[in-house]
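Peer 1: The following block contains the structure, expressed as structure tokens.
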């Protein structure tokens, strides 16, 4: 990730007010650069979804501007934002509307006038990308939460966006399915697609993100690498967040003030290093932790 | 918790088949004893909700029996099961039916014919128990997810059940709100009410539960203390679960083969102990971890 | 209910009273039937949320002829049955009137129209399904016929009542109203087709909701046993 | 709202005005407002002169403004009521017997012209309808959610009150479901501006809304029965009786309407 690149998406938003008068977000200045994974973290109601929904012009700022790929988005060229910025909504049920999974993945292509055969081929490819080819003929309504999430992702990837936005991609998933979705997200990133996701799972954010933006009260209150953000107590307190487990453990046990582990792997590495130096208390009897 | 006590709830269920032919649960034998917190853990679709919904006769086994407080539950005395076993559903929105929070908490009492004034007083008390008195006049629609969960809990506590069942009580909550709900659950337990909850968050299960039941494919495949269950690899593999973070870290770093930490606090204690023995690598510069 | 509502003050006082009494009579009969059968929680829940959905759907602008809005009364009838369908029609009319849509004084007349749509659509659908029609033609026809029945009933109500303050003879009024009914019939066809597609979609996902599953498909007059 | 219609008042916005604003009408007793709605319905039904109806409409418009409510929104919300008026009163404006306004238009069916009587009738019907529409909105936008719920519980017989209370509670949830469905489809390039080529999309979105409603009702049954529901959501809230001066206004308005009708229309001599 290099900040010399020009951003793929630039959002400036003075305010977004919902019809009932609630201010969903204010004074936000947010960009997405090529080839990065950005995690928006914050508590429930911090404005994460509101920000995300601005990135593909689902919501429009009261006063502000959205620029996608150098083009300023207006009422007339929203389609541009929607093609470049794919959106996987949190509620998988409202995302999937077609009678079968394959139809659903083809939905966007058909909206853009791609002929049936080509659309079908591309949809199958997208399903294969997320390892969901076996679901092709299933009825979306009966998929499990994790399957729905994958199909939703395929339905967005098929449009070949330059940015994929995922709102709470792990919501409601068990750890096994969360890992599966997280792997697919990594894979999307490997295909040179930038990823923006929201989560209140800071462990997950630490695992996947190059950059973390912390939101509170409808505002981005800080950003940086996961390590910078999650060791910034003032910032986390402002956003009403607890640091990820590894940060807490390292701190509470008085470890790693220099290494600052943020992921579980960091913590294990730190402890293993100590172990290798012969410093930890109990040698591992089964050889685990030494490889 | 003593197993000499007779169980509050005993469920024997040969099978529960949904109308569409899916088997939700089979060969289950499950009891809840006085004054314990039981966590049902398992992946999405393992049958946790199906089992829970049998405990207050929301669902009825195809072939089997539910005994609540010594009384066998039939079509005619379901009300008994429903009074003794309070149920907080996962979907917080469908849990709240009345126009205001206070009305909603009074809902159950009024169904059982408690006069208005007494019902109001008891509802206020229940709201106070979960620290939600300030929500009394609010409209359920405008509550946050965590607030809805607390109000749902109050609406059940007000009926003075001997067991409270919570289906995925942390679903959709951010860490801060999860902690709040977890604290309230602890508090319910302190009032001598047994708690049964389902979760796929094994960290949470390790924190709150006295006993863990692991479910897979509609069946209880194992149970024990969190330590027993979460260090049983074969069991977790069968249920498609990953051990909690502290277990993974301890293992991967080759720590604590004897202490077997299961919660974050256990892990920190283990590391601090090592620290006190002068064995860890980095002394804590800010005095953290030593108190 | 994809049609013209009767506006406040359209009718003379006597007509307002008459339609309110007849509407009240219909609803009373239904309430009596429902109460007699014992009120099931699932009926109340289905009717409550069904009415909420019908009311919410009304917010969606359907871009035909500059924009129409529909409550999908025919669909509601097919899914919930004639009794709950009629109660839903009443509740939706009450909420609509509170938002300035329809008329407070004509809730009786408007409910009669909408209830007739739900009732006719339901029985028509059942009959056609018994005749082994496919889901799409059966539901599209049932909804179209139901909504048309509503359109004719509304025309009749206007002609019988006379328009408040108009000196037009009944014969000429009938001609004016015929145009209105014609317009409503056009909308009925659109809503009928849409209903057909919706029922077809629902049948592909939850066949039990439209009585297609093997289980429990006895025609309970109160609709699905949710 | 970005995805749904501007021509139909959004219950969320209406409720937000009632809950979050405070104006003189917010402080008026809810029963008083219900009473006035009734009096207005009676008035627009029996009043027979355009000037009187226009005066009444003007008065209601002023009240709407005094309540601190936005006129611009109101104009948008008039679309559908006006459509109804036009569809009924439009043809009558031509057919109504009387002197033609200006020249006549010759058609194959004969001469067609708007008569003065037809024009007056159109004006009368518009004032009648919009008077009550405007006041109903004023009342809805100044009466708190809980008060509305309580009155529904009091005014409707069982089980209609139960249904209405659940409807009131779940309308908001269903609106969000519908809005989410529309948003998700739009973000994948769906085009809602043309119906015929997108009829299946409309059907799926509406179908999913209905399906979601039915499945929520299935969950709702469980949660209600788990707390012993027996067909009775009673509300313990209370909307007090109107204060005496408001009662005076309500009674006064009925007396005025009935008195006017008796004297001016039905020729009763005192």
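Residue numbers (this note's numbering), protein chains in the order written: chain A, 10 to 300; chain B, 10 to 300; chain C, 926 to 1151; chain D, 1378 to 1647.
Every residue, glycine too, gets a C-beta built ideally from N, C-alpha and C.
Keep in mind that this is a model prediction, so the values were computed, not measured.
Starting from the C-beta of residue 38 of chain A, find all residues in its chain whose C-beta is less than 6 Å away, skip the five residues before and the five after it, and write them out in chain order.
Peer 2: Within the first chain, numbered from 1, the residue matching residue 38 of chain A stands at position 29. Excluding residues within five positions, the ones whose Cβ falls inside 6 Å are 21.
Peer 1: If you draw a straight line from the C-alpha of residue 141 of chain B to the C-alpha of residue 1021 of chain C, how long is it?
Peer 2: Residue mapping note: residue 141 of chain B aligns to position 132 of the second chain, counting from 1. Residue mapping note: residue 1021 of chain C aligns to position 96 of the third chain, counting from 1. Near 34 Å, if we compare the C-alpha coordinates of residue 1021 of chain C and residue 141 of chain B.
Peer 1: Using 10 angstroms around the beta-carbon of residue 1585 of chain D, count the other beta-carbons present and answer buried if the total reaches 16, otherwise exposed.
Peer 2: On the fourth chain, residue 1585 of chain D is found 208 positions in, with the first residue counted as 1. Flag for residue 1585 of chain D reads buried.
Peer 1: The alpha helix (DSSP H) with residue 1517 of chain D in it runs from where to where?
Peer 2: Position 140 of the fourth chain holds residue 1517 of chain D. First-last of the alpha helix (DSSP H) with residue 1517 of chain D: 1493-1517.
Peer 1: With burial defined as no fewer than 16 other Cβ atoms inside 10 Å of the residue's Cβ, what is the status of residue 183 of chain A: buried or exposed?
Peer 2: Numbered from its first residue, the first chain carries residue 183 of chain A at position 174. Buried, since its Cβ has 16 or more Cβ neighbours within 10 Å.
Peer 1: Could you tell me which of C:1063, C:973 and C:997 sits nearest to residue 1579 of chain D, measuring between CA atoms?
Peer 2: Taking the first residue of the fourth chain as 1, we reach residue 1579 of chain D at position 202. The shortest C-alpha separation from residue 1579 of chain D is found at C:997.
Peer 1: Using a Cβ-Cβ distance cut-off of 7 Å, determine whether residue 1379 of chain D contacts chain C.
Peer 2: Mapped onto the fourth chain, residue 1379 of chain D falls at position 2. A caution first: residue 1379 of chain D carries a pLDDT of 43, below 50, which makes its placement in the model unreliable, though a value can still be read off. No, its Cβ sits nowhere closer than 7 Å to a Cβ of chain C.
Peer 1: Going by the DSSP bridge assignment, what does residue 39 of chain A pair with across the sheet?
Peer 2: Counting from one through the first chain, the residue named residue 39 of chain A turns up at place 30. DSSP, once it has assigned bridges, lists A:20 as partnering residue 39 of chain A.
Peer 1: Can you give the beta carbon distance from residue 64 of chain B to residue 174 of chain B, rounded, assuming they're within the 8 Å contact cut?
Peer 2: As a working note, residue 64 of chain B is residue 55 in the second chain. As a working note, residue 174 of chain B is residue 165 in the second chain. Right, the Cβ-Cβ distance comes to about 5 Å (below 8 Å), so this counts as a contact.
Peer 1: So, is the C-beta of residue 202 of chain A closer than 7 Å to a C-beta in chain C?
Peer 2: As a position in the first chain, residue 202 of chain A is number 193, starting the count at 1. For residue 202 of chain A, the answer is no, since every Cβ of chain C falls outside 7 Å of its Cβ.
Peer 1: Express the C-alpha separation of residue 1592 of chain D and residue 1120 of chain C in angstroms, rounding to a whole number.
Peer 2: As a working note, residue 1120 of chain C is residue 195 in the third chain. As a working note, residue 1592 of chain D is residue 215 in the fourth chain. Straight-line Cα distance between these residues: approximately 19 Å.
Peer 1: If the criterion is Cβ atoms closer than 7 Å, does the pair residue 1686 of chain D and residue 934 of chain C meet it?
Peer 2: Within the shown structure, residues of chain D are numbered from 1378 to 1647, placing residue 1686 of chain D beyond reach of any answer.
Peer 1: Here's the rule: buried if 16 or more other CB atoms are within 10 angstroms of the residue's CB, otherwise exposed. What is residue 27 of chain B?
Peer 2: Taking the second chain and counting its residues from 1, the one referred to as residue 27 of chain B is at position 18. So residue 27 of chain B counts as exposed.
Peer 1: Roughly how many whole angstroms lie between the Cα atoms of residue 948 of chain C and residue 95 of chain B?
Peer 2: The sequence position of residue 948 of chain C within the third chain is 23, counting from 1. The sequence position of residue 95 of chain B within the second chain is 86, counting from 1. About 42 Å.
Peer 1: Taking 7 Å as the limit between beta carbons, can you name the residues of its chain near residue 1634 of chain D, skipping five residues before and five after?
Peer 2: For the purposes of this step, residue 1634 of chain D is taken as the residue at position 257 of the fourth chain. Here the set comprises 1416, 1419, 1420 and 1423.
Peer 1: Just to make sure I have the definition right: I need the residues of chain C whose C-beta is within less than 7 Å of the C-beta of residue 1391 of chain D. Which are they?
Peer 2: Locating residue 1391 of chain D in the fourth chain gives position 14, counting from the first residue. The contacting residues are 1024.
Peer 1: Examine chain D for any beta-carbon lying closer than 7 Å to the beta-carbon of residue 53 of chain B, and answer yes or no.
Peer 2: As a working mapping, residue 53 of chain B is identified with position 44 in the second chain. Not closer than 7 Å to any Cβ of chain D, the Cβ of residue 53 of chain B fails to qualify, so no.
Peer 1: Determine the direct distance from the alpha carbon of residue 84 of chain B to that of residue 1125 of chain C, and round the result to whole angstroms.
Peer 2: Working through the third chain from its first residue, we reach residue 1125 of chain C at position 200. Working through the second chain from its first residue, we reach residue 84 of chain B at position 75. C-alpha separation (whole angstroms): 36 Å.
Peer 1: Are any of the Cβ atoms in chain B nearer than 7 Å to that of residue 1373 of chain D?
Peer 2: The structure shown has nothing for residue 1373 of chain D, since chain D only spans 1378 to 1647.
Peer 1: If we require 3 or more residues per run, which beta strand (DSSP E) segments fall completely within the stretch 1070-1122 of chain C?
Peer 2: Qualifying beta strand (DSSP E) stretches: none in this window.
Peer 1: So with CB distances below 8 Å, who are the chain D contacts of residue 1097 of chain C?
Peer 2: Within the third chain, residue 1097 of chain C is the residue found at index 172, counting from 1. Correct list: 1472.
Peer 1: DSSP beta-bridge partners for residue 26 of chain A?
Peer 2: As a working mapping, residue 26 of chain A is identified with position 17 in the first chain. In DSSP, residue 26 of chain A forms a bridge with A:32.
Peer 1: Who are the Cβ neighbours of residue 205 of chain A in its own chain at under 6 Å, not counting the five residues just before and after it?
Peer 2: Within the first chain, residue 205 of chain A is the residue found at index 196, counting from 1. Around residue 205 of chain A: 41, 47 and 174.
Peer 1: Return the first residue and the last residue of the alpha helix (DSSP H) that residue 115 of chain B is part of.
Peer 2: Here residue 115 of chain B corresponds to residue number 106 of the second chain, with the count starting at 1. First-last of the alpha helix (DSSP H) with residue 115 of chain B: 110-120.
Peer 1: Once DSSP output is grouped into helix, strand and coil, what is the label at residue 169 of chain A?
Peer 2: In the first chain, the residue the question calls residue 169 of chain A occupies position 160. In the structure shown, residue 169 of chain A sits in coil (DSSP, three-state: anything other than H, G, I, E or B).
Peer 1: With three or more beta-carbon pairs closer than 8 Å as the criterion, would you say the stretch 973-988 of chain C touches the stretch 1543-1561 of chain D?
Peer 2: Short answer: they touch.
Peer 1: Quick one, which of D:1630, D:1619, D:1601 and D:1626 has its alpha-carbon nearest residue 973 of chain C's?
Peer 2: Position 48 of the third chain, counting from 1, holds the residue named residue 973 of chain C. Checked all of D:1630, D:1619, D:1601 and D:1626; the closest Cα to residue 973 of chain C is D:1601.
Peer 1: Can you tell which of A:231, A:171, A:135 and A:78 has its C-alpha closest to the C-alpha of residue 159 of chain A?
Peer 2: The count along the first chain starts at 1 and reaches residue 159 of chain A at position 150. Minimum Cα distance to residue 159 of chain A is reached at A:135.
Peer 1: Whole angstroms is fine: what's the gap from residue 1142 of chain C's alpha carbon to residue 1135 of chain C's?
Peer 2: Here the question's residue 1142 of chain C lines up with position 217 in the third chain. Here the question's residue 1135 of chain C lines up with position 210 in the third chain. Residue confidence is low: residue 1142 of chain C scores 37 on pLDDT, short of 50, so the model does not pin down where it sits. No coordinate-derived value is stated.
Peer 1: Classify residue 80 of chain A: buried if its beta carbon has 16 or more other beta carbons within 10 angstroms, exposed otherwise.
Peer 2: Stepping through the first chain from its first residue, residue 80 of chain A is reached at position 71. Answer is exposed; the Cβ neighbour count stays below 16.
Peer 1: So which residues of chain G does residue 184 of chain B contact, with C-beta pairs closer than 7 Å?
Peer 2: The structure shown contains no chain G; its protein chains are A, B, C and D.
Peer 1: Sort C:1044, C:1030 and C:967 by Cα distance to residue 955 of chain C and report the nearest one.
Peer 2: In the third chain, counting from the first residue as 1, residue 955 of chain C sits at position 30. Nearest C-alpha to residue 955 of chain C: C:1044.
Peer 1: At the level of alpha carbons, what is the spacing between residue 1623 of chain D and residue 1617 of chain D?
Peer 2: If you number the fourth chain from 1, residue 1623 of chain D lands on position 246. If you number the fourth chain from 1, residue 1617 of chain D lands on position 240. If you take the alpha carbons of residue 1623 of chain D and residue 1617 of chain D, they lie about 12 Å apart.
Peer 1: Is any beta-carbon of chain D found at less than 7 Å from that of residue 100 of chain A?
Peer 2: Counted from its first residue, the first chain places residue 100 of chain A at position 91. For residue 100 of chain A, the answer is yes, since a Cβ of chain D falls inside 7 Å of its Cβ.
Peer 1: The ligand MG and residue 202 of chain A: does any heavy atom of the ligand fall closer than 6 Å to the residue's C-beta?
Peer 2: This structure lacks the ligand MG; in fact it carries no ligand of any kind.
Peer 1: Which runs of the alpha helix (DSSP H) fall wholly inside the stretch 176-235 of chain A and span at least 4 residues, in chain order?
Peer 2: If we require 4 residues or more, the alpha helix (DSSP H) runs fully inside the stretch 176-235 of chain A come out as 184-199 and 211-217.
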